[in-house]
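Accompanying notes for the structure given below.
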Amino acid sequence: MATPDGPEAPPEFDTSQPTIARVYDALLGGKDNFAADREGAATYLKYVPDAGRCAIENREALVKGVQYLVRSAGIDQFLDIGSGLPTQKNTHQAAQEINPEAKVVYVDVDPIVLAHGRALLATNDSTIVVTADLREPQGILGNKEIQDHLDFSRPVALMIVGIHMHFHDDEKPDEWVRTLMDALAPGSYLFITDFVDTGEPLQKAMEQAGLESLGNGWIRTPERIEQHFLGLPLLPPGLDFLARWFPENPDAEVPEVEDLQPYQRILMAGIALKA
Ligand code: SAM
43 MATPDGPEAP PEFDTSQPTI ARVYDALLGG KDNFAADREG AATYLKYVPD
93 AGRCAIENRE ALVKGVQYLV RSAGIDQFLD IGSGLPTQKN THQAAQEINP
143 EAKVVYVDVD PIVLAHGRAL LATNDSTIVV TADLREPQGI LGNKEIQDHL
193 DFSRPVALMI VGIHMHFHDD EKPDEWVRTL MDALAPGSYL FITDFVDTGE
243 PLQKAMEQAG LESLGNGWIR TPERIEQHFL GLPLLPPGLD FLARWFPENP
293 DAEVPEVEDL QPYQRILMAG IALKA
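Structure, rendered in structure tokens:
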């Protein structure tokens, strides 16, 4: 197990370079990160002093979305890709608090997620962690552990939460997601959060921080983010800033966009339904 404060770097992890999962963990206030990751997090904080709040509010939006999916949409299967470390409340806690039988598959490309997940989930039969790559969706669909855990003949919620920004449009991330959605049964959902570009300097600063620390972290216009949903209809309240996004109560009174803090205008969320 990786112990960031331990005397030796664990052999299975390259700790000389920051990884997305560990930098995000550092921003969330977790302990599963190393010096290079903390430097990466410091770069974010230099450009966006509230970057830690952005990470926390992204995870809170994830919880809001999962609660909606379990409670209102009756979903009991989650394929959470780019799940990150279980630093804060994550998908399985949010789902299983409401439905203890809900099945969750965490997929992440970073092996540290599997190492920590195995220990954390040793006593949770409803949740598994798999190391796999969103860029190879056929590998995810063909993975035996995932096939054994989820029933693909029934609806699944596909979660692509806080990952698109790490891929340039030239890589065509929507095509990977399309391959996954095509394999899911009608009644499945697609839940996405992403960095947005509405022309604000702090959004650009977030992008700059990512490019400097990780080599990725692009921002996109709301119109472009809507395309991530592959033409599937967005559920109320549609795509919106996290602090205005309440899928369980889309008619809630929400702050005006101009009343949000600038850091609260960096991420948007949405959920679409495959009818
Ligand atoms: N989904 C979590 C959340 O929103 O709280 C974590 C988001 S974190 C910013 C992005 C995660 O995506 C990291 O854990 C990173 O390792 C993972 N990731 C990056 N590239 C990936 C890929 N090609 N396939 C799977 N996971 C990937």
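Numbering (the numbering used here), first residue to last: 43 to 317.
Cβ coordinates follow ideal geometry from the N, Cα and C atoms, glycine included.
For a quick check, are the C-beta atoms of residue i and residue j less than 9 angstroms apart?
| i | j | result |
| --- | --- | --- |
| V147 | H191 | yes |
| N166 | H206 | no |
| A137 | T235 | no |
| L162 | A199 | no |
| I117 | V149 | no |
| G82 | A68 | yes |
| T3 | R307 | Because the chain is modelled from 43 through 317, residue 3 falls outside the range shown and cannot be assessed. |
Please report how far the alpha carbon of residue i lies from the alpha carbon of residue j, in whole angstroms.
| i | j | result |
| --- | --- | --- |
| E320 | R113 | Lying before the first or after the last residue shown, residue 320 is absent from the chain, which here runs from 43 to 317. |
| D212 | L256 | 17 angstroms |
| E50 | I154 | Any reading at E50 needs caution, since the residue's pLDDT is 45, under 50, leaving its predicted position unreliable; the model's value is listed next. Cα-Cα distance, rounded: 15 angstroms. |
| P297 | F288 | 12 angstroms |
| T45 | V172 | The predicted model places T45 with a pLDDT of 41, which falls under 50 and marks its position as unreliable, so this point remains unresolved. |
| K88 | A247 | 9 angstroms |
| I62 | G252 | 9 angstroms |
| L222 | H208 | 18 angstroms |
| L70 | N132 | 12 angstroms |
| E300 | A93 | 19 angstroms |
| H158 | T57 | 16 angstroms |
| L274 | A317 | 8 angstroms |
| R95 | T129 | 14 angstroms |
| S230 | M201 | 11 angstroms |
| T85 | L302 | 24 angstroms |
| E139 | L111 | 13 angstroms |
| A41 | V151 | Residue coverage of the chain in this structure runs from 43 to 317, which leaves residue 41 outside it and unanswerable. |
| V90 | E143 | 39 angstroms |
| G107 | L121 | 13 angstroms |
| K214 | E54 | 30 angstroms |
Go through its chain and collect everything with a Cβ distance to residue i's Cβ below 8 angstroms, but skip five positions before and after it.
| i | result |
| --- | --- |
| S195 | A227 |
| G259 | M207, H208, F237, M248, E249, A251, G252, L253 |
| N185 | V172, A174 |
| I267 | H206, I234, D236, V238, L281, M310, G312 |
| M43 | Confidence in M43 is poor, its pLDDT being 38 and thus under 50, which makes the residue's placement unreliable; the coordinate value appears in the next sentence. Counting only Cβ-Cβ distances below 8 angstroms, and skipping sequence neighbours, we find P52, A157, H158, A161. |
| Q59 | A78 |
| H210 | N258, W260 |
For residue i, I'd like the list of residues in its chain whose CB is within less than 7 angstroms of its CB, leaving aside the five on either flank, ordered along the chain.
| i | result |
| --- | --- |
| P304 | E242, L244 |
| G312 | I234, F271, L276, G280, L281 |
| R64 | D74, N75, F76, D79, I154 |
| Y66 | A97, G126 |
| I188 | V147, V172, I182 |
| V105 | K131, A136 |
| N141 | V112, D118 |
| E265 | none |
To the nearest whole angstrom, what separates the beta carbons of residue i and residue j, a pair I think is in contact under 8 angstroms?
| i | j | result |
| --- | --- | --- |
| N9 | L315 | The structure shown does not extend to residue 9, since the chain is modelled only from 43 to 317, so the question has no answer here. |
| G72 | L127 | 6 angstroms |
| D216 | Q269 | 6 angstroms |
| E290 | Q109 | 6 angstroms |
Tell me which residues share the same chain as residue i and place their Cβ nearer than 6 angstroms to its Cβ, disregarding the 5 neighbours each side in the sequence.
| i | result |
| --- | --- |
| Q119 | K145, L192, V198 |
| P322 | Since the first and last residues shown for the chain are 43 and 317, residue 322 lies out of range. |
| T169 | H134, V146, L163 |
| R286 | V296 |
| L284 | E99, A103, L309, A311 |
| A294 | F288 |
| T263 | D239 |
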